[in-house]
Amino acid sequence: MPMFPLSIFLLPGERTQLHIFEPRYRQLFNEVESDKSNFGIPFMMGSEKGQMGSRCKLIRVLKRYNSGELDVLVESEGLFRLTEFNSMKEGKLYPYGTVILKKELSKELASLEVQEAYESLSKSLSGTEIPLHLNESPFTMTLMASLGHVSEIKYRFASLPSRDRRNEALLSMIKMIYLMVQQEKVAEQGIYLN
Numbered sequence: 074m075p076m077f078p079l080s081i082f083l084l085p086g087e088r089t090q091l092h093i094f095e096p097r098y099r100q101l102f103n104e105v106e107s108d109k110s111n112f113g114i115p116f117m118m119g120s121e122k123g124q125m126g127s128r129c130k131l132i133r134v135l136k137r138y139n140s141g142e143l144d145v146l147v148e149s150e151g152l153f154r155l156t157e158f159n160s161m162k163e164g165k166l167y168p169y170g171t172v173i174l175k176k177e178l179s180k181e182l183a184s185l186e187v188q189e190a191y192e193s194l195s196k197s198l199s200g201t202e203i204p205l206h207l208n209e210s211p212f213t214m215t216l217m218a219s220l221g222h223v224s225e226i227k228y229r230f231a232s233l234p235s236r237d238r239r240n241e242a243l244l245s246m247i248k249m250i251y252l253m254v255q256q257e258k259v260a261e262q263g264i265y266l267n
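Counted the way our numbering counts, the sequence shown spans residues 74 to 267.
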């Protein structure tokens, strides 16, 4: 799979915009656009590649510059474990890698306890200005994506060794956000402008 190493980690369904300026990645995106193929974003932690990444598709080219640079919108279709990384492939400027797709993570169901806590959090956000865009979903990765965490936390979450551990972590995060929302509501009621 063609690779575009970045310090972002997209969970399934998440989208992001990228500015493509290096010749090797301009070549990659021109090929991805013409072939309608996927590419990988192995997660970079500092200067080191993580063991996981996001299998992405190009949604559309947002802007083309005279210099050949591109602004693109991409979406994660799933996650993979990186087994081999090559900085170049013959005839290509961009890196390639061998991956094992982690299809089971995309359809992993959240526990009933997590779903109930998430529903309570969703209801508690009513009337607040907290910028979380919660959605109804039974899947752990979709629920995690909606919480708005940074890439490193999402990476660590997806790397947990079992569904039970991911559910425990997700429940803990939801409960923490719920408590913060409740605290904000209490603070709003106790502050008066003069």
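Where a beta carbon is used, it is the ideal one built from N, C-alpha and C, also for glycine.
Straight-line measurement puts the Cα of residue 213 at about 29 angstroms from the Cα of residue 169. Per DSSP, the unbroken alpha helix (DSSP H) holding residue 187 starts and ends at 185–197. Between the alpha carbons of residue 167 and residue 157 lies a distance of about 14 angstroms. Put simply, the backbone Cα of residue 107 is about 10 angstroms away from that of residue 131.
Taken through DSSP and simplified to helix, strand or coil, residue 201 comes out as coil. Between residue 218 and residue 87, the CB-CB gap stays under 9 angstroms. The beta carbon of residue 193 sits closer than 7 angstroms to the beta carbons of 251 from its chain, once the five residues preceding and following it are set aside; these are given in chain order. Counted as a single uninterrupted DSSP element, the alpha helix (DSSP H) harbouring residue 107 occupies residues 96–108. Here residue 245 carries a helix assignment [DSSP, helix/strand/coil].
Per DSSP, residue 91 is one residue of the beta strand (DSSP E) stretching across 88–93. Residue 169 sits in a strand when the DSSP states are folded into three classes. By the beta-carbon neighbour count (other beta carbons within 10 angstroms, threshold 16), residue 208 is exposed. DSSP places residue 224 in the helix class (H, G or I) of the three-state scheme.
Its chain contains 168, 169 and 170 as the residues whose beta carbon lies nearer than 8 angstroms to that of residue 159, once the 5 sequence neighbours on both sides are disregarded; these appear in chain order. In this structure residue 246 touches residue 220 by the C-beta definition: roughly 6 angstroms separates them, less than 8 angstroms. Secondary-structure assignment with DSSP links residue 127 through a beta bridge to 114 and 152. When rounded, the separation of the alpha-carbon atoms in residue 243 and residue 187 is 7 angstroms. Beta-carbon to beta-carbon, residue 125 and residue 84 are separated by about 11 angstroms, too far to satisfy the 8 angstroms threshold. Beta-bridge pairing by DSSP links residue 145 to 91 and 134.
With a beta-carbon spacing of about 11 angstroms, residue 128 and residue 178 fall beyond the 8 angstroms limit used to define contacts. Boundaries of the alpha helix (DSSP H) around residue 177: 176–179.
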